[in-house]
Amino acid sequence: MDDRAAFITTLKSNLEHLDLPFGDGAVGQMWEHFRLLVAANRKINLTRITGPAEGAARHYADSLAVAAWSRATGTDVTTVIDVGTGGGFPAVPLAICRPDWQVTAIDGTGKKIRCVEQFVDHLGLTNCRALHQRAEEWREDTPSFDMVLFRAIAPLADCLGLAERFCHPGSVVICYKGDPLPNEESHAALQGRTGSRFTRRQNWPYTLEGPSGVLTRQLCCYFADPGHEQAADGFASDV
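Position one of the sequence shown corresponds to residue 66 (the working numbering), numbered consecutively onward.
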């Protein structure tokens, strides 16, 4: 089996398992993104996963788990931000498969975000923008987002602390994590000032299958409470 066939076969199998089938056009665009990613990775460290089947499972199917969650829970969103996108995950797969979502990808490393900009332009993704921006320096007067995503970035408590500046009341914050999650990490996320701004919802477990075996994953989901408003310092304030 050649690289393209291995990628597509593995991706389709995992998407079917997630009850999230997509057409050949979307799958083909994700293969093209992977091809570009691997080529750019020879010069810039974007990913350690360069095998086609492994990449299909661990990057693309994993990124799309949040689309499966949205579909399964009936959660409608329009604007999405991917904080710390790296090589474009989950932003690019989501933009490909959910053209009705307006996706913003940010990263503090200029070389990485310039690659993502090139990927987005090459794929013609008009619903995706890539910005060279540190989350900590996000301007408080910019529009907020319906969904804030963190994938392989930091512990939950740190993610929620960063998420505050992107949220409006009712925003959903989703962190991609392994399953099981250490109890201390989950507990720490809802302690103190930051944790009080969010309500934890039921985690959403899922599994992926690739050449290295079964990967157990989960989405850790939090909703910004109705009293969540951005203050001048970028953090929430009670109203």
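Every residue gets a Cβ at the ideal spot worked out from N, C-alpha and C, and that includes glycine.
Sequence-distant residues of the same chain with beta carbon closer than 8 Å to residue i, five excluded per side
i           : result
residue 78  : 274
residue 220 : 250, 253, 254
residue 215 : 148, 149, 224, 227, 228, 238, 239, 240, 241
residue 123 : 114, 273, 275, 280
residue 256 : 222
Proximal residues to residue i (C-beta, below 6 Å), its chain only, five neighbours per side dropped
i           : result
residue 237 : 212, 288
residue 71  : 117, 118
residue 103 : 115
residue 146 : 169, 210, 213, 231
residue 272 : 279, 281
residue 300 : Because residue 300 carries a pLDDT of 31, less than 50, the predicted location of this residue cannot be relied on, and the following value inherits that uncertainty. Around residue 300: 229.
residue 222 : 253, 254
Local Cβ density within 10 Å of residue i, reported as buried at 16 or more and exposed below that
i           : result
residue 201 : exposed
residue 249 : exposed
residue 305 : This structure does not reach residue 305, given that the chain is present from 66 up to 304, and the question cannot be answered.
residue 187 : exposed
residue 84  : exposed
residue 160 : buried
residue 206 : exposed
residue 204 : exposed
residue 152 : buried
residue 199 : exposed
residue 262 : buried
residue 113 : exposed
Spatial distance of residue i from residue j (CA atoms)
i           : j           : result
residue 232 : residue 240 : 14 Å
residue 80  : residue 282 : 14 Å
residue 170 : residue 67  : 31 Å
residue 278 : residue 133 : 21 Å
residue 74  : residue 276 : 12 Å
residue 247 : residue 209 : 30 Å
residue 82  : residue 269 : 14 Å
residue 313 : residue 265 : The structure shown does not extend to residue 313, since the chain is modelled only from 66 to 304, so the question has no answer here.
residue 290 : residue 225 : 13 Å
residue 173 : residue 148 : 9 Å
residue 285 : residue 189 : 31 Å
residue 164 : residue 150 : 18 Å
residue 98  : residue 191 : 15 Å
residue 69  : residue 243 : 27 Å
residue 315 : residue 142 : Residue 315 lies beyond the stretch modelled for the chain, which goes from 66 to 304, so this question has no answer here.
residue 267 : residue 154 : 23 Å
Cβ neighbours of residue i in the same chain (closer than 7 Å, five flanking residues each side left out)
i           : result
residue 76  : 92, 95, 121, 125, 126
residue 162 : 87, 91, 129, 132
residue 144 : 167, 210, 211
residue 158 : 95, 125, 128, 129
residue 101 : 184, 187
residue 218 : 148, 149, 224
residue 105 : 111, 180
Exercise for the section: Could you tell me whether the segment 174-186 touches the segment 112-125, using the rule of 3 or more Cβ pairs below 8 Å? Expected result: no
Exercise for the section: State whether the segment 103-113 contacts the segment 194-211, with contact taken as three or more CB pairs (one from each stretch) at a distance under 8 Å. Expected result: no
Problem - Length at least 4, wholly inside the segment 153-234: the alpha helix (DSSP H) runs in chain order - result: 156-162, 175-188, 221-228
Exercise for the section: Count the C-beta pairs between the segment 88-95 and the segment 135-143 that are closer than 8 Å, then say yes if the count reaches three, no if not. Expected result: no
Handout entry: Sequence ranges, alpha helix (DSSP H) only - wholly within the segment 228-287, length at least 4
Key = 248-254, 257-260
Practice task
Taking only runs that begin and end inside the segment 87-148, name each unbroken beta strand (DSSP E) of 3 or more residues, in chain order.
Solution key: 144-148
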